[in-house]
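> Take the sequence shown: its letters are residues 64 to 138, numbered as in the working numbering.
Dropping a structure here in structure tokens format, bear with me for questions.
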Amino acid sequence: TYWIDRAYWGQGIASKALATFLTLEPTRPLYGRVAFDNMGSQKVLEKCGFIKVGTDKGFANARGMEIEELIFRLD
Numbered sequence: 064t065y066w067i068d069r070a071y072w073g074q075g076i077a078s079k080a081l082a083t084f085l086t087l088e089p090t091r092p093l094y095g096r097v098a099f100d101n102m103g104s105q106k107v108l109e110k111c112g113f114i115k116v117g118t119d120k121g122f123a124n125a126r127g128m129e130i131e132e133l134i135f136r137l138d
């Protein structure tokens with residue numbers, strides 16, 4: 064889980080942070096889960112090479128409820 068203040072959205076911060084992390088973490092496959100309607104986080108994963116592999120339901124702390132999530136994998 065990560066949080067970027069709304070004032071910093073769209074500046075590539077999450078993409079750069081994830082890309083840096085991926086150079087340091089050799090474990091593959093890696094999985095990422097995002098809310099079905101969080102297009103920004105989906106783009107972050109896709110920019111870093113993750114592909115969508117499925118869906119699931121999960122509890123979203125920020126929303127206080129269970130939501131539909133997309134599952135991404137990096138091989």
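Glycine included, C-beta positions come from ideal geometry on N, C-alpha and C.
Which same chain residues, not among the five before or five after Leu93, have their C-beta less than 6 Å away from its C-beta?
These residues qualify, in order along the chain: Leu137.
> Please give me, in chain order, every unbroken run of the beta strand (DSSP E) with length at least 3 that falls completely inside the segment 77–114.
93–98
> Whole angstroms is fine: what's the gap from Lys106's alpha carbon to Phe84's?
CA-CA distance, Lys106 to Phe84, rounds to 16 Å.
> Run through DSSP, which three-state label would Arg69 get?
Residue state, collapsed to three classes: helix.
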